[in-house]
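Protein chains in written order, with the UniProt record's numbering: chain S, 1 to 461; chain P, 1 to 326; chain C, 1 to 99; chain W, 1 to 117; chain A, 1 to 503.
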């Protein structure tokens, strides 16, 4: 049934409604409608049986992978809605979030490079706006920076896509799979990877991430941490794994190097950050590297691992940023470590959620982040890349320190910062992310099983 | 041989445009005189027929001023762009049925690209740059405002213009201007099938050439000439060349799209029919200038976006339904 | 013109765009340079479409143009808003966020 | 077809040359008496005080509307041209596209994007 | 599940006890924690009374990982240690400590109990890291002025080792994937691992690094002095008594049974390292004047002793090390707890030579201090002696030079322990100003010490209570990797040897 792109369709219809409602200035109603549309979309993605046949001449491949991505994107979207994007709270914000989620869903189901492009832009355009939505200088700067870099990245992607099309006369992965390796296609693939790795914030395409993460309103940062990565990961999985394009395997070693580089760079620089959003920005660089570990393995296991880690990372980042945002109080001020001082005594619940998120990001056992790393390590070791596995371990060790420093503040007893009570929305986000983080870390069996089926399915195409 | 034919056609077309610019201007002044119960230029030559020549010479020998703060390159570039865009469009408009000369079939147009209408729209859009850059480069408040206004106005009306042409494309099944005329030969002229788009097209055409009642960018009373306040000499004149050539061009386009181009009863040659029809529209231009007051800016924008655009959209949809379901 | 020649031209355009982004400091100019990269891609798409005799490439080029238009809409809005904030356009001034 | 474009190109070059030559005519033929006051911007005789400032953001809005909708309209041209061959399915697909455009238009209208005063 | 329910109950008590603290009024936190740890101790004793049990719940079937637990092998002694030490720690905890403090203490109990019972490598890893968190937070939150830095060093060194070990864990788990078609992390499956060559070597290195940091063993003890010194005394007791054993336990249940094949050729190097630990610790202990540091380095030395037992790869050495872990854990825990009381009494002063004569003012504490100090150094009749004897016996069988070193250091141990006792308890009577006259120790604390002492005494006279039960199971666990050890044990490697184990 989702063979008919129902999740995407639902979202599109919802988007139309939200836009009109927002046009009338009823922001609150728009929010509710958007949430409803997101839930409906996720329900369609996860409950309706997968169509698992190419749609629109191979432009879309709605299968279980797309279901996973849909679910994650919706999660990010709901979090963003609940956190209330944008300090100015323009009524369009929910519509923008919805559009971005739609972009991620399109990426999840993309069956051709052209669809990937459309998805990429659908995801990026609203984000450019959302990032700048606070309309403070910082917001605007971040928005412009993101826009410029994003445009360049899309340019890389497009040119690569055009080269591939010029060589094989088609955009679809199904056709790409049938080709033998050719130099021009390789060049094209390289450019395509460049564009996609940018979205994952992989070194050397990472420059934007810390700035944008810091400069964006906190809810938007939280959204980006999960949704953009979900979309980019899905696209990379499709390009690398789905097609069996013989040349794709050649990229594995390079991707492995970039992964190691990103992990180490991201974690090392996360270590020295005071601003918590910037910290997450660097950790996003590292997380991109982790995701790339799974992709570099070029295996079912690697893709599963990437998806699992993505879910864990996204939840962790959302939880982390939510607490940071609430603690910072004023939306325009960047939340620093000091804002968390003594949180464990003032707001034990928030501290618990924050602790779980930070530990998950650091990869401490019994949180989702830990099993995500185990998953990735399995993929790397099974693919015969123990060096990469060691890089993952070393990166985790450095990253640990980065998350530890804010966590230390949470338990400091000398002086407690004033932290407001979280509003119902953020509180709900915190509860859900905490529970899911714990669930992923303690009882991952069903998820692993499900992911295994999802990944195996499209490899068998 | 082809090259020679092309050269001849280009020379003829440009000469025609320059001459007709001059005499359109003369005709306008004379007509305005009649409308306003006065004489208009009637001293230089018989009935003032040499007046344009005198004007041109005067302009040529005036001092060419460059405002102190102006951006010299852009300031000089702007009128060039205006004239270039105005002249450029006419290359794709067929002036008459293909002529047969010494066994050769010679189409009466300089160029006939497959999607000529798009080329015409594209080239005419370039004209905006001339006005905006002129306004910006002058470093004068009036000029800037005039330039910006003209940009806003022209692009707003261009949208409605584009939509109003959709119906014609559907009916003709081609964006080639020759084909469109030929289609009208088969199916009848389009103006009676597309009366509303015709009205919209002509109105927007008037606005595109910054003519009354849409001459806000120049608005002598408030903007002292608008974007060309700081210009003098031939550069000043060039904006007028552009404006009048534009009048001719959009009239030609209107005729081509809605009134069968060069088609007409056989007792006159096609080219003459074409020129006659253009003449009628130019008369309309002048008539409007003599009769109508200038619109306020907000009225103008409202008309473009909220009246003309939706109307032509709806009409285009109707046409689409008719064409697709026939 | 052959597809190869067009591709070469497009590659040059692409390189110019990329260089523009890397070298220039004015966001507006950088943005235009980046758009040039897009247009280079569109050019290749159209040429390849002719080469293969399939309309897919042209449709894609259309898509690219449409996306570019949307992007310009957003980009100009952001850049204008930034401009209003600081009355100067220079990437070096965008330094509030280190990076 | 290529011939058409070559002809167009030649014509455009001629037109451009004409425009350029024309634009420099006064510079060559006309007198030259520069002066400080002449170089000032003309503001109906009043000495200009402030430099040219900014203009209303409304104009940017117009530009962006145009950009978005004009591309949408241009996208309709091939569709319109081929419509007679596409029949009902073509009509419906085009309508699908139009729905999105109209939606955006309606939104912009409702949100007050077309309020010009 | 069946007979393993006792283990689940035990883990449940710790975890739910910790979580339930949120609902307990702050004033009652200490009482509640004591009750929880008491209940846990009760369950441990019941488990000890019963034959070994084993149970398993599905966890991540796709990875061949399950929630497997057992009380066989070396588990029970260490479970006993956990059960005994935690009530002691709680009793000796500072009165002002809030709920959060006790929360971490109970979490430590949970993590340690989980670590010692699990039979799945992934789960083992999880608990191995989880043990660190309470240690870190307790140290950072309630330690001295240098505690945050010390805590950070503690955590980073340990976790760096752990993270590398995680790569090894995965390597082990995947070692048989080609045969099984999926990874396998269960201990049973891992016993059959045949990791050799480079993979075996660096996997061994990864595990060694993690376990040696955790123990700690020379030269990876960098975090130890600061952490032990800065932590509040009960927490130091927890570190020295319980957490350090996790590293050695790892060698015992992971390295020997799964990587024995890779370890055997390089075992002499491991013995050498352990010997250096032993000697270095002892010599440094002799030179330090801070009472707490003396005990700290003594502990380092004894960790070396236990490691020697393990790396002797003999049944006697392994059994001795197991016994020694329990004995040393209790004894050194007691020493640190009493040191804490003294420190409190002297207003934080603990430099040998500047305090002294405390035995006169608090004879009961003086007695118990002497008792536990003697237990640490292995006085015959106390549990430590039996353990050290077995270790030396094992060393004689395999590597007599190491045995000679061990014996020599035992003499040194007597020297520094007595120096510590004399410096604190006897010595000159004049006190620095501000030292209160009496020692504010309650009767409950003395009883608690007495209970610990009783256990040490009991095991001293009846070491077979541990060795007879743990020994054969340990030998059996390494039968595929280290056949030589099995030969030394002269016990048939048949299931009958672990006859007590029930499903």
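Glycine included, C-beta positions come from ideal geometry on N, C-alpha and C.
- The beta carbon of residue 452 of chain S sits closer than 7 angstroms to some beta carbon of chain A.
- In this structure, the CA atom of residue 123 of chain S is about 7 angstroms from the CA atom of residue 228 of chain S.
- Excluding sequence positions up to five before and after residue 252 of chain S, its CB lies within less than 6 angstroms of the CB of 296, 298, all in the same chain and listed in chain order.
- Cβ atoms of residue 163 of chain S and residue 44 of chain C come within 8 angstroms of each other, at about 7 angstroms.
- One finds 23, 26 in chain W with Cβ atoms closer than 7 angstroms to the Cβ of residue 235 of chain P, taken in chain order.
- Within the segment 125-139 of chain A, contact with chain S at the beta-carbon level (separation under 9 angstroms) is assigned to 125, 126, 127, 128, 129, 130, 132, 133, 136, 137.
- For a Cβ distance threshold of 8 angstroms, residue set 57, 60 of chain W lies close to residue 80 of chain C, ordered along the chain.
- Around the CB of residue 234 of chain S, 16 or more other CB atoms lie within 10 Å, so the residue is classed as buried.
- Closest by C-alpha distance to residue 70 of chain A, out of A:109, A:16, A:187, A:138, is A:187.
- Any Cβ of chain C closer than 7 angstroms to the Cβ of residue 125 of chain S would place that residue at the interface, and such an atom is present.
- As for any alpha helix (DSSP H) of minimum length 4 sitting wholly inside the segment 168-240 of chain P, the runs are 177-187, 195-208, 220-223, ordered along the chain.
- Proximity to residue 103 of chain S across S:129, S:81, S:79, S:70 peaks at S:70, based on C-alpha coordinates.
- As the crow flies, the alpha-carbon of residue 200 of chain S is around 21 angstroms from that of residue 37 of chain C.
- When S:141, S:159, S:128, S:82 are compared, the shortest CA-CA separation from residue 64 of chain C is found for S:159.
- Residue 90 of chain A has a beta carbon lying at 7 angstroms or more from every beta carbon in chain S.
- Rounded to whole angstroms, the Cβ separation of residue 256 of chain A and residue 204 of chain A is 11 angstroms, and the two are not in contact under 8 angstroms.
- Chain W places a beta carbon closer than 7 angstroms to that of residue 16 of chain S, counting this residue as a contact.
- With contacts defined as CB atoms closer than 7 angstroms, residue 129 of chain S and residue 96 of chain S qualify as a contacting pair.
- Residue 75 of chain C reaches chain S at 128, 144, 147, 148, 151, counting residues in chain order whose Cβ is nearer than 9 angstroms.
- Burial is judged here by how many other beta carbons sit within 10 angstroms of a residue's own beta carbon; residue 25 of chain C has fewer than 16 and is exposed.
- Setting aside the 5 residues that flank it on each side, residue 100 of chain P is surrounded in the same chain by 106, each with a C-beta closer than 8 angstroms to its C-beta; the list follows chain order.
- Around the beta-carbon of residue 104 of chain P, fewer than 16 other beta-carbon atoms lie within 10 Å, marking it exposed.
- Within chain W, no C-beta atom comes less than 7 angstroms from the C-beta of residue 42 of chain C; the nearest is roughly 13 angstroms away.
- For residue 80 of chain A, the secondary structure class from DSSP, reduced to helix, strand or coil, is helix.
- When DSSP states are grouped into helix, strand and coil, residue 226 of chain A belongs to the helix group.
- Against chain C, the CB of residue 68 of chain W has a partner CB under 7 angstroms away; the residue lies at that interface.
- With contact defined as three or more Cβ pairs closer than 8 angstroms, the segment 205-212 of chain A and the segment 65-83 of chain A are not in contact.
- Within chain P, the residues 301, 302, 305, 306 have their CB atoms less than 9 angstroms from the CB of residue 114 of chain W, given in chain order.
- Neighbours of residue 27 of chain S across chain W, judged by C-beta separation under 7 angstroms, do not exist; the nearest C-beta is about 12 angstroms away.
- Contact check for residue 79 of chain P against residue 238 of chain P passes: the beta carbons are separated by less than 7 angstroms.
- Considered as a whole, the segment 16-51 of chain C harbours no complete run of any alpha helix (DSSP H) with no fewer than 4 residues.
- Per DSSP, the unbroken beta strand (DSSP E) holding residue 100 of chain P starts and ends at 96-101.
- At least one C-beta of chain A is nearer than 7 angstroms to the C-beta of residue 411 of chain S.
- Assignment of residue 336 of chain S by DSSP, reduced to helix, strand and coil, places it in the strand class.
- Residue state for residue 53 of chain C is assigned as coil, using DSSP reduced to three classes.
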